[in-house]
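Peer 1: Those letters in the sequence shown? Residues 1 to 80, per the numbering used here, in order. All C-beta atoms in this analysis are idealised placements derived from N, C-alpha and C, irrespective of residue type, glycine included.
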Amino acid sequence: MTITFAIRGEFIRLDHLLKATGLVGSGGAAHAEVDLGKVAVDGQPETRRRAKLRPGQRVAYGGQVVELTAGVPGASGTTS
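#1: Tell me the rounded alpha-carbon separation between Gln64 and Arg13.
#2: Per DSSP, which one or two residues make a beta bridge with Pro45?
#3: Below 8 angstroms between beta carbons: does that hold for Val41 and Asp15?
#4: When burial is assigned at 16 or more other CB atoms within 10 Å of the CB, is Leu36 buried or exposed?
#5: How is the beta strand (DSSP E) around Leu68 delimited, first residue to last?
#6: Please check if any C-beta of chain D sits within less than 8 angstroms of the C-beta of His31.
#7: Which class does Ala53 belong to by DSSP, given the choice of helix, strand or coil?
#8: Please state if the CB of Ile7 and the CB of Ala70 are separated by a distance shorter than 8 angstroms.
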């Protein structure tokens, strides 16, 4: 499944994205999964918990892919 997530600012931190999309239940869980090397950004393993992600990037975790798009005021993430 692919999740399309609209960023409301210039960037979103990786740990916040994982939590905001519901892929993990808490910030601590996000940190643990990143530390274990279970998250990839643009096809490369990402170990920085607070990596700044921008529109156009793709995050893979647990069989899910999150595509980041530029946000529209009032918009929220969607799944497809």
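Peer 2: Straight from the coordinates:
#1: Counted from its first residue, the sequence shown places residue 64 at position 64. Counted from its first residue, the sequence shown places residue 13 at position 13. Between Gln64 and Arg13, the C-alpha separation is close to 18 angstroms.
#2: Within the sequence shown, numbered from 1, the residue matching residue 45 stands at position 45. Paired residues: Ala40.
#3: In the sequence shown, the residue the question calls residue 41 occupies position 41. In the sequence shown, the residue the question calls residue 15 occupies position 15. No; because the gap between Cβ atoms is not below 8 angstroms, this pair is not in contact.
#4: Counted from its first residue, the sequence shown places residue 36 at position 36. It is exposed - the Cβ of Leu36 has fewer than 16 other Cβ atoms within 10 Å.
#5: Taking the first residue of the sequence shown as 1, we reach residue 68 at position 68. Segment Gln64 to Ala70, the beta strand (DSSP E) holding Leu68.
#6: This model lacks chain D altogether; it includes just one protein chain.
#7: For the purposes of this step, residue 53 is identified with residue 53 of the sequence shown, where counting begins at 1. The residue you asked about is not Ala; residue 53 is Leu in the sequence shown. Reduced to three states, the DSSP call for Leu53 is strand.
#8: Position 70 of the sequence shown, counted from the start, is the residue given in the question as residue 70. Position 7 of the sequence shown, counted from the start, is the residue given in the question as residue 7. Yes. Within cutoff.
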